[in-house]
Structures are given as structure tokens and as C-alpha cells.
Amino acid sequence: QSYIFYGPTMSPFTAYLIIRGISTLEIRIRQQEKNALKVAQFLENHPKVERVYFPGLDSHPQRDLVKKQMHGTGSVLSFVIKGGYAAGETMVNNVELVTLAVSLGCVESLIEHPASMTHSELSPEERKKSGINDSLIRLSVGLEDAEDIIDDLKRAFEKV
Numbered sequence: 001q002s003y004i005f006y007g008p009t010m011s012p013f014t015a016y017l018i019i020r021g022i023s024t025l026e027i028r029i030r031q032q033e034k035n036a037l038k039v040a041q042f043l044e045n046h047p048k049v050e051r052v053y054f055p056g057l058d059s060h061p062q063r064d065l066v067k068k069q070m071h072g073t074g075s076v077l078s079f080v081i082k083g084g085y086a087a088g089e090t091m092v093n094n095v096e097l098v099t100l101a102v103s104l105g106c107v108e109s110l111i112e113h114p115a116s117m118t119h120s121e122l123s124p125e126e127r128k129k130s131g132i133n134d135s136l137i138r139l140s141v142g143l144e145d146a147e148d149i150i151d152d153l154k155r156a157f158e159k160v
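Heads up, the final residue of the sequence shown is numbered 160 in full-length UniProt numbering, and it's a clean run with no missing numbers.
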């Protein structure tokens, strides 16, 4: 007798949790996008920030293309902090509300400094060749109040 394996079967409770999460997904994504835009605008005007990469900003070089192709902008942004590697590392180590983590894409705000975290095994030359500036910081903006996220970033900037 032969059997056909269709893969593992999830529990009914797991299925319930997935359905429950999917039912609120759109509203969560839209709120995160609104928060990300507010945070990106704050960063764009901050004196310790050299550059912000976020497709929701009018200053984004491909903003017109974004408007044509996308219905939203997502909630992940990157920025280059003035002061090099040390400034980037100091910044991410001084947030309190935002979580220092290499994972991006959660309902909580997460921050990482690629040069000292995900790309730390590469030499500065290899990082530069790969487009990873030693001052680059990645931020996944979550569902927390945008002003609370901004206040947390302000406090971290004060330590840089």
C-alpha cells in the first residue's frame, strides 16, 4: 500500500490564529506605513542624519515610479547617520522603545546597524562594495505611536 504525503497539517488553533491575524493585516500595514512616513520625515530633517531612504518621501529619487507601481510604501526605511561606524553603533544601542534586532518586518519597531550586525563579517571595503555604508541604519517601523518612536530616536540621537 502506498501513501501520498501532502506535508504537515497544522493544528486547528494554529489555523485560527492565522485567520485572526490575516483579518487585521491590511489595517496594521496601513498604520505602519503612516508611522513610517512620519518617522522618515523626522529623520529627513534631523541634523545628525545625512540621508534617508524611504519610498514614501517626496525626496526619494524614484518617487514618481513608486506612485505608479505601488499602493503603499511599506514600513522599512534606512538612513545614514553622520559620524561613521561608531555613530551608527551608538545610535542603535541607545534606543529603548525600538528593539535592537536583525529581523525586520514585525508589528514592533526594530532597528539594526548592518555594519556591526548582519554584515560585521565583511571588511569595510567589502561592505562598501556591497553598498553597505558603515553609517547605515535600518529601521522597521511598527504599530507603536509614531511620536513615541520619534521620541525614542531623539533620545538615542542625544547619545551620539
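In this text, a Cβ means the ideal position worked out from N, Cα and C, and glycines have one as well.
> Can you tell me whether threonine 73 is buried or exposed, with buried defined as 16 or more other CB within 10 angstroms of its CB?
Replying inline: buried
> Just the Cα atoms here: how many angstroms apart are valine 98 and aspartate 64?
Replying inline: 31 Å
>> Mapping the DSSP letters down to three states, classify leucine 43 as helix, strand or coil.
In response: helix
>> Just list the residues that DSSP pairs isoleucine 81 with in beta bridges.
In response: Val49
> What's the C-alpha gap between tyrosine 6 and isoleucine 132?
Replying inline: 42 Å
>> What does the alpha-carbon distance come out to for the pair aspartate 58 and serine 123?
In response: 34 Å
>> Going by beta-carbon coordinates alone, are histidine 135 and alanine 156 separated by less than 9 Å?
In response: According to the sequence provided, residue 135 is serine. The question's histidine does not apply to it. Against a cut-off of 9 Å, the Cβ pair of alanine 156 and serine 135 comes out as no contact.
>> Which of the three DSSP states is assigned to leucine 57 in this structure?
In response: coil
> Based on the DSSP output, what are the partners of threonine 24 in its beta bridges?
Replying inline: Threonine 24 is not bridged to any residue.
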